[in-house]
Amino acid sequence: MLLTPSGNIRYQFKTPYNDGTTHVIFEPLDFIANLAAQVPKPRVNLTRFHGVFTPNSKHRGRYDAG
Numbered sequence: 347m348l349l350t351p352s353g354n355i356r357y358q359f360k361t362p363y364n365d366g367t368t369h370v371i372f373e374p375l376d377f378i379a380n381l382a383a384q385v386p387k388p389r390v391n392l393t394r395f396h397g398v399f400t401p402n403s404k405h406r407g408r409y410d411a412g
C-alpha cells in the first residue's frame, strides 16, 4: 500500500487476480469506507454452523467434525 503523487492510495495484491489485476487505486475516503466495512460489528459471533453441525440438528451425534 502506498500513497500516489496525486494523493490516492494504491493497494498491491499479494497475488494477481485471474484477469491479471495486480493493484487497485482508491481515493482516501473510499479506502477508509472499504476498510471499515471489513470490521465486524461488536458482540457478533463470526462462527456459523450449517447442516448437521448446528446445535439443534437431530443428526449431530452421528458425524464427527474432525
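Using the numbering used here, count along the sequence shown one by one with no gaps and you end on 412.
Heads up, the beta-carbon is just placed ideally off N, CA and C, and yes, glycines get one too.
All values reported here derive from a predicted model rather than from experimental measurement.
- Under DSSP, the beta-bridge partners assigned to R356 are L348, I371.
- Remark: three or more beta-carbon pairs, one from each stretch, lie closer than 8 Å, so the segment 373-380 and the segment 352-361 are flagged as touching.
- When the Cα atoms are used, Q358 and L348 turn out to be separated by approximately 8 Å.
- The closest CA to that of V398, considering only G407, F377, V385, is found on G407.
- Straight through space, the alpha carbons of A382 and H369 are spaced by roughly 19 Å.
- Taking a C-beta distance under 8 Å as the contact criterion, P401 and L392 do not qualify as a contact pair.
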